[in-house]
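Below is one structure, written out as structure tokens; the observations come after it.
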Amino acid sequence: MLSATDLSFAFGTQRVLWDVSMDVRAGGMVGVLGPNGCGKTTLLRLLAGSLPADRGVVSLDGRALTSIDRRNLARRIAVVPQHTHLAFDYSVLEVALMGRYPHLGAFEVEGPEDLAAAHAALEATGTAHLAHRAFTTLSGGEQQRVAIASALAQLDVRTSAQSHATRFLLLDEPTASLDLRYQVEVAALIARLHAEGQASDSPLSIVTSTHDLRFAATVCTTLVLLAEGRVMAVGPPGQVLTPETLSTVYGLTPSLAASLIPAGLR
Numbered sequence: 016m017l018s019a020t021d022l023s024f025a026f027g028t029q030r031v032l033w034d035v036s037m038d039v040r041a042g043g044m045v046g047v048l049g050p051n052g053c054g055k056t057t058l059l060r061l062l063a064g065s066l067p068a069d070r071g072v073v074s075l076d077g078r079a080l081t082s083i084d085r086r087n088l089a090r091r092i093a094v095v096p097q098h099t100h101l102a103f104d105y106s107v108l109e110v111a112l113m114g115r116y117p118h119l120g121a122f123e124v125e126g127p128e129d130l131a132a133a134h135a136a137l138e139a140t141g142t143a144h145l146a147h148r149a150f151t152t153l154s155g156g157e158q159q160r161v162a163i164a165s166a167l168a169q170l171d172v173r174t175s176a177q178s179h180a181t182r183f184l185l186l187d188e189p190t191a192s193l194d195l196r197y198q199v200e201v202a203a204l205i206a207r208l209h210a211e212g213q214a215s216d217s218p219l220s221i222v223t224s225t226h227d228l229r230f231a232a233t234v235c236t237t238l239v240l241l242a243e244g245r246v247m248a249v250g251p252p253g254q255v256l257t258p259e260t261l262s263t264v265y266g267l268t269p270s271l272a273a274s275l276i277p278a279g280l281r
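Here the sequence shown is numbered in this note's numbering, starting from 16 and rising by one per residue.
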């Protein structure tokens, strides 16, 4: 289990998160919701161990992330940013192979095992046919799927490579900059990866920040609703997505907030 306990964080004098606690259980699908600037991206970075908390602790299976070797931690937790910017014109396969860095020693180059993991990740995300295309020539939806493939190669979720330890995939607003078609495709991919992970001995837990209430309601098992850096509600979608909480967090009238709740939860 990946847990955050009483996390607080500030950039200089600007406080971003206050006393945030949450759990991501094995095989869980957690959605982090809230207005722009509420701390969603910062929370994901703290959960991944890429930012040190000012106060509180993030733990993996009961161990503080700060006590876990960075290479071993990267084999368990992978982050997909909202945008992927590359310094050079890499191919899709090369981008997928970038995820293999925690499995390589110093100055070690990728071998057959790394290529197999990268190809498996591209297959899992429906991008294997793009392997030799330049990443920069892809559509936004294709780029996002390749970025997810790189994270899957990092976690190595192949059946033959399972260590029976839960892997955690953290996605920062994966559909935010995509048009409607690609939003649907990427959301469906995330749901499928999660469902397939539940059938394995090494469950894939997913945490995704999102503004898409329909996606959050239909795919996520747990929602964390943030406002001004604080947890306003946490629990199943039906308990979190209520007119009262949405009107409070987003500054909406109760009637408008009620209209935004997906039909299955009204």
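For each residue, glycine too, the CB sits at the ideal point set by N, CA and C. Computed from a predicted structure; not experimentally measured.
Query                                                                                                         : Result
Supposed close pair residue 223, residue 46 - CB separation, criterion 8 Å                                    : 6 Å
Cutoff 8 Å; reference residue 173; Cβ partners in own chain excluding five residues on either side            : 131, 132 and 135
Cβ neighbour criterion (16 or more within 10 Å) applied to residue 268                                        : exposed
Cβ of residue 124 within 8 Å of any chain B Cβ                                                                : Absence of chain B from the displayed structure is noted, only one protein chain being present.
Segment contact, 8 Å Cβ cut-off, at least three pairs: the region 79 to 95 with the region 242 to 262         : no
Proximity of residue 113 and residue 236 at Cβ, strictly below 8 Å                                            : no
Touch test, the region 156 to 171 against the region 179 to 193, Cβ-Cβ under 8 Å, three pairs minimum         : yes
Nearest to residue 103 (by Cα), restricted to the options 213, 248, 152 and 279                               : 152
heavy atom of the ligand MG below 7 Å from residue 67 C-beta                                                  : The ligand MG is not part of this structure, which contains no ligands at all.
C-beta contact flag for residue 48 and residue 238 at 8 Å                                                     : yes
Between the CA atoms of residue 71 and residue 139 - distance to the nearest angstrom                         : 36 Å
Residue 180 versus residue 115: straight-line alpha-carbon distance, rounded                                  : 18 Å
Residue 219: first and last residue of the uninterrupted beta strand (DSSP E) it sits in                      : 219 to 224
C-alpha gap between residue 156 and residue 240, whole angstroms                                              : 26 Å
Helix, strand or coil at residue 74 according to DSSP, with G and I counted as helix                          : strand
Same chain, Cβ closer than 6 Å to residue 169, neighbours up to 5 away in sequence not counted                : 93 and 114
Collapsed DSSP secondary structure at residue 16 in the structure displayed                                   : coil
Per-residue DSSP class, three states only, for residue 254                                                    : helix
Proximity winner among 209, 273 and 129, relative to residue 41 (alpha-carbon distances)                      : 209
Nearest candidate by alpha-carbon position, reference residue 282, set 145, 255 and 265                       : Any question about residue 282 goes unanswered here, given that the chain covers just 16 to 281.
8 Å Cβ cutoff met for residue 117 and residue 78                                                              : no
For residue 284, the three-state DSSP class (helix, strand or coil)                                           : The chain is shown from 16 up to 281; residue 284 falls before or after that span and cannot be answered.
Completely contained beta strand (DSSP E) runs for the region 27 to 108, where each covers 3 or more residues : 29 to 39, 44 to 48, 70 to 75 and 92 to 95
Cα-Cα separation between residue 24 and residue 249, rounded to whole angstroms                               : 20 Å
Coil, strand or helix - residue 187 by DSSP                                                                   : strand
Beta-carbon proximity check, residue 246 vs residue 50, cutoff 8 Å                                            : no
Cutoff 8 Å; reference residue 280; Cβ partners in own chain excluding five residues on either side            : 232, 252, 253 and 256
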